[in-house]
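So the sequences go chain by chain: E and S. Going left to right, the first sequence walks through residues 1 to 551 as the working numbering numbers them. Going left to right, the second sequence walks through residues 1 to 140 as the working numbering numbers them.
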Amino acid sequence: MATVAEIIHEREPQIMKLWLAEARAAASAQGLSATALENIMPMYLSALADQSETGQIDANDRRHNRVQNHLSSRIRQGFDLGEIIHEFVLLGRCIAKEWQSLPEDQWPSPADIERLHSQIQLGITEVTRTFYRHMLEDEQSEKRYVRQLQAIASDALLDLARPLRDRLRDVLDVVMEAMGAQCAAYLGFNVRDAKLALVSCVGAEVIEPYVTSLDPKSFVGEVAGHEEATTIHDAQSTRMEVPALLRQSGIHTLLGIRLPPRDDLIGVMYIGITEPRQFTPAEIGRFEALGERLALHLQNARLFEALHEKIVSLDMEKALRERFVSALAHDLRGPLSAARLAAELLAMDPASADDRRDLAVRIDRNIERVDRMIRDLLDANRIRAGERLPLQLDSCDVVAIAEQVAEEARAMHGDRFRVDAEGPVVGVWSQEDLHRALWNLVTNAVKYGAPEEPITITVRHEDLVRVSVHNAGTPIPRSEQHSIFGAYSRAPTADASARVGWGLGLTLVHGAAEAHGGKVSVTSDAESGTTFTIELPLDAKSARARIDERG
Amino acid sequence: MAKLRVLLADDDSEMLMLVEKALHQFYDAEVVAVATGGELLEKIANDGEFDVIITDISMPWMTGLHVMHTARTAGLGIPVVVMTALRDPTLPEQVASLGACAELLHKPFSIVELFAALRRCLKNTDHDSRRQPGARVAPR
Numbered sequence: 001m002a003t004v005a006e007i008i009h010e011r012e013p014q015i016m017k018l019w020l021a022e023a024r025a026a027a028s029a030q031g032l033s034a035t036a037l038e039n040i041m042p043m044y045l046s047a048l049a050d051q052s053e054t055g056q057i058d059a060n061d062r063r064h065n066r067v068q069n070h071l072s073s074r075i076r077q078g079f080d081l082g083e084i085i086h087e088f089v090l091l092g093r094c095i096a097k098e099w100q101s102l103p104e105d106q107w108p109s110p111a112d113i114e115r116l117h118s119q120i121q122l123g124i125t126e127v128t129r130t131f132y133r134h135m136l137e138d139e140q141s142e143k144r145y146v147r148q149l150q151a152i153a154s155d156a157l158l159d160l161a162r163p164l165r166d167r168l169r170d171v172l173d174v175v176m177e178a179m180g181a182q183c184a185a186y187l188g189f190n191v192r193d194a195k196l197a198l199v200s201c202v203g204a205e206v207i208e209p210y211v212t213s214l215d216p217k218s219f220v221g222e223v224a225g226h227e228e229a230t231t232i233h234d235a236q237s238t239r240m241e242v243p244a245l246l247r248q249s250g251i252h253t254l255l256g257i258r259l260p261p262r263d264d265l266i267g268v269m270y271i272g273i274t275e276p277r278q279f280t281p282a283e284i285g286r287f288e289a290l291g292e293r294l295a296l297h298l299q300n301a302r303l304f305e306a307l308h309e310k311i312v313s314l315d316m317e318k319a320l321r322e323r324f325v326s327a328l329a330h331d332l333r334g335p336l337s338a339a340r341l342a343a344e345l346l347a348m349d350p351a352s353a354d355d356r357r358d359l360a361v362r363i364d365r366n367i368e369r370v371d372r373m374i375r376d377l378l379d380a381n382r383i384r385a386g387e388r389l390p391l392q393l394d395s396c397d398v399v400a401i402a403e404q405v406a407e408e409a410r411a412m413h414g415d416r417f418r419v420d421a422e423g424p425v426v427g428v429w430s431q432e433d434l435h436r437a438l439w440n441l442v443t444n445a446v447k448y449g450a451p452e453e454p455i456t457i458t459v460r461h462e463d464l465v466r467v468s469v470h471n472a473g474t475p476i477p478r479s480e481q482h483s484i485f486g487a488y489s490r491a492p493t494a495d496a497s498a499r500v501g502w503g504l505g506l507t508l509v510h511g512a513a514e515a516h517g518g519k520v521s522v523t524s525d526a527e528s529g530t531t532f533t534i535e536l537p538l539d540a541k542s543a544r545a546r547i548d549e550r551g
Numbered sequence: 001m002a003k004l005r006v007l008l009a010d011d012d013s014e015m016l017m018l019v020e021k022a023l024h025q026f027y028d029a030e031v032v033a034v035a036t037g038g039e040l041l042e043k044i045a046n047d048g049e050f051d052v053i054i055t056d057i058s059m060p061w062m063t064g065l066h067v068m069h070t071a072r073t074a075g076l077g078i079p080v081v082v083m084t085a086l087r088d089p090t091l092p093e094q095v096a097s098l099g100a101c102a103e104l105l106h107k108p109f110s111i112v113e114l115f116a117a118l119r120r121c122l123k124n125t126d127h128d129s130r131r132q133p134g135a136r137v138a139p140r
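Here is the structure:
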């Protein structure tokens, strides 16, 4: 014949598994993790085995405290009394199922079974009594304090200007009053350095910078390592690390909780009282309830802050896009105006054939300008989406491209453009994209460089081919140099100039360099001016293949 | 009567050439063309008197509006047609602040619109009505 104790010891995992499966059916258990649902049940089960072994039915302090804690936790989780009692009944039924699977002669004795039922009945009676006491005492006060926390949190969302430290001081005042404590503190967890740092404190503790690791040698490190509340009975003599001023403040007993009890750590909250006494389970329950509520508000605040940041960044992006669309519309109207005037002049039937031809060529050229702008826009969007520009790779001479760009620039902006290169430098590149990249760099140099000063295109062939465009004039501030290759970004100093632009030129240069398996860089200072350099492998086709192989 | 003397400024060389061509063809005007705000200012200061200035707004170094405000501050009341591809709602007010003989012309504009703006600008000057463009302008 087996005893209830033996059955529990031997079949504890099966009993808990069965209990979990059946307990989960309760409406309030939905959404709770297995650990949260089990709560104290494994400990309670082993206590039942102990009483079966000793043959004594009693409600010692430890078990009493566990049942009380379990009750507090279930109430916070939204269980009603019937569901809490049902969990205990279920546990008895699950234990019984285990011995009922054995041959009848191995079942526990009727007296043993009776003791189990009495012990479970005792637990149920205790839960019921405590529940009503909780209802009367705690519902009023706990809910009042929770409501106060809610009011502080709602206020915080309406007034973002007030620092978190001040908000938390209000929260800690409420917690201190709710707990009848003489001090309260909150330490935030910084994920980057895995440290807890004092954010706010009220009461006896004087504010002092306090930062510590999660090492359990400190009180708050110990608190952070446990789901349940942690207490220190004498802060003055404890061997644990506590803030120096707290040790001298007359505070004796500390109670700390991890926020939230499970999941990713946000911080730690503790209270202190001058009396050297233990906190009651009801007090611990209330502190945990306030802590859970604070954790929820802190999580909400983080989400709200992230949302706020997102809105600000979307607003900035929207403003950039609006500015971009306005610049795009402006620039498209240029060639459209020219094409329209040319078409009107052509419609007036100019006398000479040369004039007619010239106007027709101008219409064609301006339509080509519009088409080029649309291509630039689409290519920049492609680069922005992280795609590589499709290139028509063929053998071409980058010096010839540089000469052509300089020639076109001279026609538009006068004789300021020099090419510093020796002989042809032939490689496998996209002539069209290199032309566009160099043209963008040269026109940028015209727009933002010193007027009248020479603009030089240099081509050098060493291990790689380097093509650079240099201009004198106001340098690009160092703080802006890293972001100028981004799409729709115009440096603030560029914005201050009279010229409107799309902010796509350098993006296209960057996209062309990368698509060739190369890169673009900039150096800029007052003494030597500004130089943009495109580095190109001699054969973009094989360089790209190598990059693709490396993934 | 002397030829209409026009100072024309636009950083778009195509626009510069086509507006100049239209002014030659229909007003037989003498046109001085420049491509930056700096050159525009320099021509106003050093290149004698002009009957009218036709200027774009967005140009390197100095906007056409900036140059015209500087000219007005210096006491030069030359009539001006301000061309622009911008759609800034404050522009009419900015152009109006240049005085009665200032006109705003949005790109893309037709030759008829350009000449109408020019006429309004030159009203009450020596070139008023006597310098109407010929009837060859195609009706819109």
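Glycine included, C-beta positions come from ideal geometry on N, C-alpha and C. Every value quoted in this text rests on a predicted model; they were computed, and no experiment measured them.
- With contacts defined as CB atoms closer than 8 angstroms, Pro335/E and Val370/E qualify as a contacting pair.
- Chain-ordered, the chain S residues with CB closer than 7 angstroms to the CB of Met412/E read Ser13.
- Counting along the chain, no alpha helix (DSSP H) covers Ile78/S, and no H or E run does either.
- With contacts defined as CB atoms closer than 8 angstroms, Gly517/E and Ile547/E qualify as a contacting pair.
- Counting along the chain, no alpha helix (DSSP H) covers Cys101/S, and no H or E run does either.
- At a cut-off of 8 angstroms between beta carbons, Arg333/E contacts chain S.
- Using a Cβ distance threshold of 8 angstroms, Val31/S and Leu23/S count as a contacting pair.
- Residue pairing from DSSP places Phe417/E in a beta bridge opposite Ile455/E.
- The beta carbon of Pro350/E sits closer than 8 angstroms to the beta carbons of Arg356 and Leu359 from its chain, once the five residues preceding and following it are set aside; these are given in chain order.
- Against Lys447/E, the close residues of chain S are Pro60, in the order they occur along the chain (beta-carbon pairs closer than 8 angstroms).
- Unbroken beta strand (DSSP E) stretches of 3 residues or longer found wholly inside the region 236–272 of chain E: 253–259, given in chain order.
- With a minimum length of 4 residues, the unbroken runs of alpha helix (DSSP H) contained wholly in the region 163–208 of chain E fall at 164–179.
- Pairing Arg302/E with Ile374/E, the inter-Cα distance amounts to about 42 angstroms.
- Ile85/E sits close to Thr128/E, with the two beta carbons spaced by under 8 angstroms.
- When 7 angstroms is used as the limit between beta carbons, Asn444/E is near no residue of chain S, the shortest such separation being about 11 angstroms.
- Closer than 8 angstroms at the C-beta level to chain S, one finds these residues of the region 448–463 of chain E: Pro451.
- Under DSSP, His461/E forms a beta bridge with Val465/E.
- Nearest Cα to Gln481/E within the set Leu377/E, Thr530/E and Arg382/E: Thr530/E.
- A distance below 6 angstroms between beta-carbons, with the five flanking residues on each side excluded, links Glu142/E to the following residues of its chain, in chain order: Arg286 and Ala289.
- Non-local beta-carbon contacts of Asp28/S in its own chain, meaning distances under 7 angstroms to residues more than five positions away in sequence, involve Lys3 in chain order.
- CA-CA distance, Arg5/S to Leu91/S, rounds to 26 angstroms.
- For Gly427/E, the pairing in a beta bridge is given by DSSP as Cys396/E.
- When secondary structure is reduced to three states using DSSP, Ala9/S falls in the strand class.
- Contact between the region 119–128 of chain E and the region 6–20 of chain E is not established, with fewer than three Cβ pairs separated by less than 8 angstroms.
- Residue state for Glu227/E is assigned as coil, using DSSP reduced to three classes.
- Sequence-distant Cβ neighbours of Thr456/E in its own chain, meaning closer than 7 angstroms and more than five residues away, are Arg418, Asp420 and His470.
- By a beta-carbon distance limit of 8 angstroms, Val405/E does not contact Leu377/E. Their separation comes to about 21 angstroms.
- Pro281/E sits close to Asn65/E, with the two beta carbons spaced by under 8 angstroms.
- The closest CA to that of Leu538/E, considering only Pro454/E, Pro42/E, Leu393/E and Gly203/E, is found on Leu393/E.
- At a cut-off of 3 residues, the continuous stretches assigned as beta strand (DSSP E) that sit fully inside the region 28–74 of chain S are 30–34 and 52–56.
- Counting C-beta pairs with one atom in each stretch, the region 74–88 of chain S and the region 296–310 of chain E have fewer than three that are closer than 8 angstroms, which means they do not touch.
- When the beta-carbon positions are compared, Ser52/E and Thr130/E stay at least 8 angstroms from each other.
- Of all C-beta pairs linking the region 342–349 of chain E to the region 93–108 of chain S, fewer than three are shorter than 8 angstroms, placing the two stretches out of contact.
- The Cβ atoms of Ser524/E and Pro451/E lie no closer than 8 angstroms to each other.
- Judged by beta-carbon spacing, Tyr270/E lies beyond the 8 angstroms limit of Val199/E, meaning their Cβ atoms are not closer than that value.
- If you ignore the 5 residues before and after Gln106/E, its C-beta comes within less than 7 angstroms of the C-beta of Met1 and Ala2, all in its own chain and listed in chain order.
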